[in-house]
Amino acid sequence: MGQNSETQSAKRLNADLIVGIVSLGLAALVYFSTRELSKLGGVFVDYTLVALTVLALLTTAKGLVKPERIRFFESVVERNNVLVGICILLLYLIFLPLAGFLPASYAFYFCFNLYLADERFTTRNILSSAALTVLVVTAFYFIFHDFLEVPLPEGRWFG
Amino acid sequence: MFDFALTGLSQVLLPNHFLVLFIGVFMGIVFGALPGLTATMGLALLVPFTFTMSPTAGLIMLAGIYVGAMYGDAIPAILINTPGTPAAIATTFDGFPLAQKGMAQHGLVAAAVASSFGSLVANIVLAAAAPPLAEVSLKFGPPEYFWLGIFGLTIISTLSSGSPIKGFLAGSIGMILSAVGMADLGGDIRLTFGFPELQGGIELIVALIGFFCLPEILSSVIGQRRAAYAEKMTKPSLNVIWQVITALFRRPTLMLRSSIIGTVIGFAPGAGGNIASMVSYNEACRWDKHPEEYGKGTIKGVAASEAANSAMAPGSLIPLLTLGIPGSPPAAVILGALMLHGMRPGAELFTDYADITYSFIMALLVAAFLVTLIGSFGSFFFSRIINIPSRYLAPAIVFMTVLGSYAIRNNMLDVWIMFIFGIIGYVSNKLKFHPAPIVLGLILGPFVEEGLVQSMLAGKAAGSTFIYMVYRPISGVLIFLCIMSLLWPIFAALKAKHKQAGVDNPFSAEEKEGCNGSK
């Protein structure tokens, strides 16, 4: 029982310590990137940097003395879902400037829609996803591109 | 003045003008509701259509677009936690939790009614007292903007009363992010890390979409595989409209205070609806007998934010119409439209062009009523959007986030920044390091910086920066408000302790909790 709870507490992350250390890292990055600014351009950054450093140190200290522990993912399934979701989004953003809005969005909507479905690869699901993809993406294209005249990302491959 | 107002009203109610106004309000709602498309963009895109109209009809249409957009931004804020424009940031705090509880219609109706009320109050002020208030707006100098920014930052103590240190740390990170790009004074290029596109800074709407919208999709839809975007289905009914209207009008102080805050912040040139809504939300929460309800889904929070940001719109027209100083970016577009129709802002507008000017002011007023009508009855349709299964809705929301981020500057880097902020928002939510203060820092950073640097320059010339920044009447009031705002959590805690000592139930949660329900 005791061993079990120990294992559980070991899986929990020290949120304050992570936030404090990352903030200190950010403060260091900003400090070394802003040393050559003029007085007018640097005064605000310098004052803010002091506040950021002090608050980051206080948060780190709290993380060492009285930490707030959290469990990042509730389950392995949740972790895998989020990672796959991020990968799909990432691929969409990578292909958007290459393939252009329409082809990349057709592919993205179809894949994402199938991924979120309970029964993924049934014929009915695939056909309904494909039909919906054409409908939604084309509607978005006409509303934004033709009606509101908002420029959409153009692709290098298909223009 | 009263005669002109009546003539203006009769002009607006002419069938052709009323139709133009209705179209304007509808278009404004569409522009406000689509993340990335702002009221400014809507006005700028539709100004050319008014060229062929008479000046009266053209300005009536612009009034409709402006008022419609100030309400429209609340729709995505409530339904998908994404403010349509930065002015609706505080609407998300209670609007989205309401939608999650299956009460999206309550939030939408509250937003429409409060928007109309705020707009109504500000229009009355605009019609009755524009010239004297414009003179006050001229008294806002760099020190006042600096202290206004600092006052805005003290809201962090409300937003994060659970852990003020982490809240202020997030605020500092937001201020650092606001420094990215070219410094307004000094011209230094800061923190662009070799990306020339970043010289214009980080776009606020990109940060809002990233920090608020994407984490929700990653967490609920992708992570937890929730079938619908909201935890509970919304069932719209006619009763809700009446319930919300009566509930809000039982709180005249809340509505009036929020509207006045919006009007005052509106007529200070440069201070936008985002600051108005945040300050108003903070004050609503602070003075409420039940601050623990805020942040968990209460129509009071939605009303406070929406009344203020809608009151800001007519407020920002006060310095525009009287002095030619636009109080907000949309007001600048309206200035352009006025000049294109051959009208110069100033006293002439209220004498030579009084009929057109008052038609415009009355159009703002009538548009406010149209917003209640369209918003309340439109809530039947809008609130059902989140009942759509998330496998269909989520990819469409991702399109909106991508298009919204891209549309601002036609730049893929903004889309990548949105994505990175989305991941940071997701991680920081998990670490209980909420990103709302980061966005607040990003909003207020430029104000504070400009006020600080200009005050330092002017103060140096005047002999003492300290005296220049502190010994000014409006600065004095703002400093007092800053101190009060910072000390308020301590007062509230002492008051609660004092009350607990005298009541039978010492474990009453209501008195122990702060705003946003944080203990």
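Protein sequence lines, in the order shown, are assigned to chains C and X. Numbering-wise (our numbering), the first sequence opens with residue 7 and increments by one. Numbering-wise (our numbering), the second sequence opens with residue 1414 and increments by one. Note that CB positions come from ideal geometry on N, CA and C, so glycine has one too.
Inter-residue Cα distance where the pair is residue i and residue j
i                 : j                 : result
Ala1949 (chain X) : Thr1420 (chain X) : Chain X is shown from 1414 up to 1932; residue 1949 (chain X) falls before or after that span and cannot be answered.
Met1474 (chain X) : Phe146 (chain C)  : 26 Å
Pro1704 (chain X) : Ala1524 (chain X) : 19 Å
Leu1762 (chain X) : Pro1461 (chain X) : 22 Å
Gly1520 (chain X) : Ser1898 (chain X) : 27 Å
Lys1932 (chain X) : Glu1706 (chain X) : Here Lys1932 (chain X) scores only 36 on pLDDT, less than 50, and its place in the model should not be relied on; the value that follows carries that caveat. In a straight line, the C-alpha of Lys1932 (chain X) is about 12 Å away from that of Glu1706 (chain X).
Val143 (chain C)  : Phe1834 (chain X) : 25 Å
Ile1892 (chain X) : Tyr1558 (chain X) : 11 Å
Ala1697 (chain X) : Ala113 (chain C)  : 46 Å
Leu1426 (chain X) : Val1522 (chain X) : 25 Å
Leu1853 (chain X) : Leu55 (chain C)   : 17 Å
Gly1497 (chain X) : Phe1625 (chain X) : 11 Å
Leu1786 (chain X) : Phe1795 (chain X) : 14 Å
Lys1843 (chain X) : Glu74 (chain C)   : 12 Å
Ala1641 (chain X) : Thr129 (chain C)  : 23 Å
Pro109 (chain C)  : Phe101 (chain C)  : 9 Å
Ile1493 (chain X) : Ser1467 (chain X) : 39 Å
Gly1587 (chain X) : Pro1545 (chain X) : 36 Å
Ile1830 (chain X) : Lys1908 (chain X) : 44 Å
Ser135 (chain C)  : Gly1477 (chain X) : 39 Å
Met1756 (chain X) : Ser1772 (chain X) : 14 Å
Leu1598 (chain X) : Ala1592 (chain X) : 12 Å
Phe1832 (chain X) : Ser1423 (chain X) : 50 Å
Buried versus exposed call for residue i [16 or more other C-beta atoms within 10 Å across all chains shown]
i                 : result
Cys93 (chain C)   : exposed
Thr1814 (chain X) : buried
Ile1673 (chain X) : buried
Phe1606 (chain X) : exposed
Leu1590 (chain X) : buried
Lys1579 (chain X) : buried
Arg1804 (chain X) : buried
Thr1764 (chain X) : exposed
Ala1542 (chain X) : exposed
Phe1608 (chain X) : exposed
Trp163 (chain C)  : exposed
Trp1700 (chain X) : exposed
Met1454 (chain X) : buried
Met7 (chain C)    : Bear in mind that the predicted position of Met7 (chain C) carries a pLDDT of just 42, short of 50, making it unreliable; the figure below should be weighed with that in mind. Burial call: exposed.
His1911 (chain X) : exposed
Gly31 (chain C)   : exposed
Ile1903 (chain X) : exposed
Phe1509 (chain X) : buried
Phe1812 (chain X) : buried
Glu160 (chain C)  : exposed
Residue(s) in a DSSP beta bridge with residue i
i                 : result
Met1595 (chain X) : X:Ile1602
Pro1704 (chain X) : Per DSSP, none; premise fails for Pro1704 (chain X).
Pro1802 (chain X) : X:Ala1641
Ile76 (chain C)   : C:Leu19
Contacts around residue i, its chain only, beta-carbon distance under 8 Å, and the 5 residues preceding and following it disregarded
i                 : result
Glu12 (chain C)   : With a pLDDT of only 45 at Glu12 (chain C), under 50, the local geometry of the prediction cannot be trusted, and no value is derived from it.
Ser1532 (chain X) : Val1480, Met1483, Ser1723, Ala1724, Ala1726, Pro1727, Leu1777, Leu1778, Ala1780, Ala1781 and Val1784
Ala1750 (chain X) : Leu1456, Val1460, Thr1463, Gly1471, Leu1472 and Leu1475
Val1692 (chain X) : Phe1564, Gly1565, Ile1568, Ile1674, Ile1678 and Ala1721
Thr139 (chain C)  : Tyr112, Tyr115, Phe116 and Asn119
Val156 (chain C)  : Phe150
Glu125 (chain C)  : Asn131
Close beta carbons around residue i, own chain, < 7 Å, minus the five adjacent residues each side
i                 : result
Phe78 (chain C)   : Leu19
Gly1594 (chain X) : Arg1603, Thr1605, Leu1611, Gln1612, Gly1613 and Gly1614
Asp1827 (chain X) : Glu1616, Val1619, Ser1818, Tyr1819 and Ile1821
Met1668 (chain X) : Ala1527, Phe1530, Leu1661, Ala1716 and Ala1720
Phe1846 (chain X) : Lys1579 and Ala1583
Same chain only: Cβ atoms within 6 Å of residue i, ignoring 5 sequence neighbours per side
i                 : result
Gly69 (chain C)   : Asn20, Asp22, Leu23 and Gly26
Asn1918 (chain X) : Any reading at Asn1918 (chain X) must be qualified, since the residue scores a pLDDT of 43, below 50, and its modelled position is unreliable; no value is offered.
Pro1555 (chain X) : Gly1864, Gln1867 and Ser1868
Asn1687 (chain X) : Pro1499, Ala1500, Ile1502 and Ile1856
Pro1848 (chain X) : Phe1624, Gly1838 and Ser1841
Leu1631 (chain X) : Tyr1839
Residue i CB to nearest heavy atom of the ligand ATP below 6 Å
i                : result
Phe153 (chain C) : You won't find the ligand ATP in this model; it holds no ligand whatsoever.
- [ ] Evaluate contact between the segment 1651-1659 of chain X and the segment 1878-1885 of chain X, counting only Cβ atoms and requiring at least three cross-stretch pairs below 8 Å.
- [x] no
Open item on the list: Can you confirm whether the segment 1719-1736 of chain X touches the segment 1668-1680 of chain X when touching is taken to mean that 3 or more C-beta pairs between the two stretches lie within less than 8 Å?
Closed with: Between the segment 1668-1680 of chain X and the segment 1719-1736 of chain X there are three or more inter-stretch CB-CB distances shorter than 8 Å, so the stretches are counted as touching.
- [ ] Please confirm if the segment 1562-1570 of chain X is in contact with the segment 39-58 of chain C, defined as three or more CB-CB distances below 8 Å between the two stretches.
- [x] no
Open item on the list: Counting beta carbon pairs with one atom in the segment 1526-1540 of chain X and one in the segment 1828-1838 of chain X, are three or more of them shorter than 8 Å?
Closed with: no
TODO: Would you check if there are 3 or more beta carbon pairs closer than 8 Å linking the segment 1487-1505 of chain X to the segment 1705-1719 of chain X?
DONE: yes
- [ ] Name, going along the chain, the residues of the segment 1823-1834 of chain X whose beta-carbon falls closer than 7 Å to a beta-carbon of chain B.
- [x] This model lacks chain B altogether, as its protein chains are C and X.
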